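*Asks:* The structure under discussion is supplied below as structure tokens; questions concerning it will follow.
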């Protein structure tokens, strides 16, 4: 999936439920540079709305895409500043 975007890092939060995917996504984004893209791979279906809501309400990040593939949910988050 990382071929869709030039991902800088992949974060595996499979098997974790709310709020851990968001907490770990924020921690991973904080460690990246502006322009970097984080790929987040989750199994929690709630992560689709959770990460969308977090990105919408957080300055400095942009949700590029979300892909649902069976029980896997992949999110592409770009650090913008």
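Numbering (UniProt numbering), first residue to last: 1 to 81.
Here a beta-carbon is modelled for each residue, glycine too, at the ideal position from N, C-alpha and C.
Nothing here was measured: the structure is a model prediction, and the numbers come from that model.
Helix, strand or coil for residue 69, going by three-state DSSP, please let me know.
*Replies:* By one-based count along the chain shown, residue 69 stands at place 69. Residue 69 falls in the strand class under three-state DSSP.
*Asks:* DSSP three-state label for residue 55, please.
*Replies:* The sequence position of residue 55 within the chain shown is 55, counting from 1. Helix.
*Asks:* Output the distance between the C-alpha atoms of residue 41 and residue 48, rounded to the nearest integer angstrom.
*Replies:* Looking up residue 41 in the chain shown gives position 41. Looking up residue 48 in the chain shown gives position 48. Going from the Cα of residue 41 to the Cα of residue 48 covers about 11 Å.
*Asks:* Residues in its own chain within less than 7 Å of residue 14 by CB, not counting five upstream and five downstream?
*Replies:* Taking the first residue of the chain shown as 1, we reach residue 14 at position 14. Within the same chain, residue 14 has close Cβ partners 41, 42 and 43.
*Asks:* Got a sec, what are the start and stop residues for the beta strand (DSSP E) residue 10 sits in?
*Replies:* Locating residue 10 in the chain shown gives position 10, where the first residue counts as 1. Note, residue 10: beta strand (DSSP E), 9 to 13.
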